[in-house]
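Asks:
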Amino acid sequence: MSLVVIPKKFFVCLSLLLLLSGLAGEAYARESSVQIHVKGVSCPFCVYGIEKKLKQIPNVESVETNYKKSTISFVRKKESPIDVAALRQAVQDAGFSMDVIRLRLQGILTEWEGKPALKEEGSHQLFLLIETGAEEPHAFLSANKLNALKKVAGGNQHLIWIEGEVHHHGAIPLAITVDAYGK
Amino acid sequence: MRRIRKQRALWVGLGFILLIPSSLYAVGINTDAALPVPQHHILIRTQARYTFADDDPSGADRRLHQLQLPTVLIYGVTAKTVLFGMVPFVYRDLSGSETGGIGDLTFLVRQEIAKRDWSLKTWRLALLGGLEIPSGDDPFSSHSIDFPLSLVTSFQTHRLEIDADVRYKINTEGNGTDHGDNLFYNLAYQHRILPWSLPEGGIPNQLNLVLEMNGQWTQKDKIVGGAVNTNSGGNTIFLSPGIQYVMKRVILETSFQYPILQDMNGSQLKTTFAVNGGMRIQF
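Just so you know, the protein sequences line up as chains A and B, in that order.
Just so you know, we're using the numbering used here here: the first sequence kicks off at 4 and counts up by one.
Just so you know, we're using the numbering used here here: the second sequence kicks off at -11 and counts up by one.
Take a look at the structure:
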């Protein structure tokens, strides 16, 4: 009976690969992708100024523009709260107008003054949960939809992700529409 | 004495061609635009403009080759307020008599006064005002402080752009001459031909075809305390097709200007054609 001898080097490389992919996964989970829609941008020469202004905001990295859709995506570290006012000011300083912010958040379901909310993992920033398509600040998530989220989460302290549009209405926490969600 | 008179005769009626078409933050090549410059942003625009004139009604068979090299420095004070500083270098060969030097410096402020942004398009309206100071070398300096004032508008989509500007320049006295005022009126249309369809991601470089109408009217000069100079003033309209390659940080462009109307007073030398090319870069 002969055994296939697997070289020691193979095990070392495999272990290293598993370790690195684990670390990469860890790093990826610490970052969150943000997409903003900018109004008024209609030439490649104009895009440069907006990207430059956004890159000056702390923790904004990997800025990429989709010229056809007039959207700019970037990555932020989850530990840093999203600063909608800073983003809006950066786009204004470049000479344009920010329209919609789309975000994917990961966190745990919670409440703010009795209203359904998500506390983001890392930054602990609160986001009120509102209905898709809602524009006014008080269109909070319906009981049915909240129950569906709780079912997916499988418990209050379990992580859930939510994707939607971010709204800013003065003194209350940021709100996010629940366009998509999952575990 | 005879030699000086002959030289002066050569320069007679050149006033019109001395005018340096000064489109500053043009996105049309020879027409100003009202598009924004980000706050604390710097742009530099350089151009080379060659003018050839040999239509001489005076009978002296004058022939002019002129090369102008205006360089414009642009700074965004805020997203709505922009400063411009322009210095033009000029080289001229008039029937074998060569001269070169720096023209007068121009300083302008542009203030956005209205705008409307939509998804994938924008409209802007701006006012420009400033002064031109007599810092240049002879014979390129007007020796007077002059005051340009203009209204500029731009409408831009992913496919096309329309710019229009009207500028009135109040020219004052210098070197014994009360220079006539100028009115510049310009209209530019740009159309993206490449890529014809935008890709799904990224920022493509684009190639635009440009067509402009560039007009300039000049009032007659007056000799201070004396008569009107009948060999000055007039109206010229250029048709200017061009091409522009737009990248994220750099624009390269060129245009050919052909006078479709030249209504010049007296025996002024008329422009046959002009060609210009230039580059804009942002930092």
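Just so you know, even glycine gets a beta-carbon here, dropped at the ideal spot from N, CA and C.
Between A:Y51 and chain B, is any beta-carbon pair separated by less than 8 angstroms?
Replies: yes
Asks: Grouping DSSP H, G and I as helix and E and B as strand, with all else coil, what is A:P119?
Replies: Note: A:P119 maps to strand in three-state DSSP.
Asks: Per DSSP, B:G88 forms a beta bridge with which residues?
Replies: B:Y79
Asks: DSSP state of B:E188, grouped into three classes?
Replies: coil
Asks: Listing by chain order, which chain A residues have their CB less than 8 angstroms from the CB of B:T160?
Replies: Going along chain A, no residue has its Cβ under 8 angstroms from B:T160, so there is no contact; the nearest lies around 34 angstroms.
Asks: Apart from the five residues on each side of it in sequence, which residues of its chain come closer than 6 angstroms, Cβ to Cβ, to B:P24?
Replies: Close CB contacts of B:P24 within its chain, under the 6 angstroms cut and outside five residues either way in sequence, are with A67 (chain order).
Asks: Closer than 7 angstroms by beta-carbon distance: list the chain A residues that pair up with B:T145, in chain order.
Replies: S45
Asks: Hey, A:L131 and A:A120 are a contact pair by Cβ (cut 8 angstroms); roughly how many whole angstroms apart?
Replies: 5 angstroms
Asks: Rounded to whole angstroms, what's the CA-CA distance from B:G164 to A:V50? Just pull it up for me.
Replies: Rounded to the nearest whole angstrom, the CA to CA distance from B:G164 to A:V50 is 49 angstroms.
Asks: Please classify A:Y31 as buried or exposed, where buried requires at least 16 neighbouring CB atoms within 10 angstroms.
Replies: Reliability of the predicted coordinates at A:Y31 is poor, the pLDDT of 43 falling under 50, and no value is obtained from them.
Asks: Got a sec, what are the start and stop residues for the alpha helix (DSSP H) A:P47 sits in?
Replies: 47 to 58
Asks: In three-state DSSP terms, what is A:L149?
Replies: helix
Asks: Around the Cβ of A:A88, are there at least 16 other Cβ atoms within 10 angstroms (buried) or fewer (exposed)?
Replies: exposed
Asks: Write down the C-beta distance between A:I104 and A:V37 rounded to the nearest angstrom, noting that I regard them as a contact closer than 8 angstroms.
Replies: With 8 angstroms as the limit, A:I104 and A:V37 qualify as a contact, their Cβ atoms being about 7 angstroms apart.
Asks: Skipping 5 residues on each side, what residues in its chain have a beta carbon closer than 7 angstroms to that of B:K109?
Replies: Excluding residues within five positions, the ones whose Cβ falls inside 7 angstroms are Q144, T145.
Asks: Count the other CB atoms within 10 Å of the CB of B:P9; is the residue buried (16 or more) or exposed (fewer)?
Replies: The predicted model places B:P9 with a pLDDT of 46, which falls under 50 and marks its position as unreliable, so this point remains unresolved.
Asks: The region 55 to 83 of chain A: which residues have C-beta closer than 9 angstroms to a C-beta of chain B, in chain order?
Replies: K55, K56, E67, T68, N69, Y70, K71, K72, S73
Asks: What is the rounded straight-line gap between the Cα of B:Q256 and the Cα of B:A215?
Replies: 17 angstroms
Asks: Where does A:L90 sit, in a helix, a strand or coil, going by DSSP?
Replies: Note: A:L90 maps to helix in three-state DSSP.
Asks: Does the count of Cβ pairs from the region 112 to 119 of chain A and the region 84 to 103 of chain A closer than 8 angstroms reach three?
Replies: no
Asks: Is B:A176 closer than 8 angstroms to B:G16 when the C-beta atoms are compared?
Replies: yes
Asks: Shorter than 8 angstroms from the beta carbon of A:A97 to some beta carbon of chain B?
Replies: yes
Asks: Taking 6 angstroms as the limit between beta carbons, can you name the residues of its chain near A:G28, skipping five residues before and five after?
Replies: For A:G28, the predicted model reports a pLDDT of 45, less than 50, meaning its position is unreliable; a value from the coordinates is still stated below. The answer is none, since no qualifying residue turns up.
Asks: Between the alpha carbons of A:Q128 and A:S35, how many angstroms are there, rounded?
Replies: 13 angstroms
Asks: With the cut-off set at 8 angstroms, would you say B:T259 and B:T39 are in Cβ contact?
Replies: yes
Asks: Quick check: what's the CA-CA separation for A:G157 versus A:K186?
Replies: Each residue's alpha carbon lies about 9 angstroms from the other.
Asks: Going by the beta-carbon positions, is the gap between B:H28 and B:G84 smaller than 8 angstroms?
Replies: For B:H28 and B:G84, no; Cβs fall outside 8 angstroms.
Asks: Would you kindly work out how many angstroms separate the C-alpha atoms of A:K58 and A:V78, rounded to a whole number?
Replies: Straight-line spacing of the CA atoms in A:K58 and A:V78 works out to 11 angstroms.
Asks: Give a yes or no on whether the C-beta atoms belonging to B:N196 and B:M235 are separated by under 8 angstroms.
Replies: no
Asks: Which residues mark the beginning and the end of the beta strand (DSSP E) in which B:R104 is found?
Replies: 93 to 106
Asks: At a CB-CB cut-off below 7 angstroms, which residues of chain B make contact with A:S100?
Replies: D105
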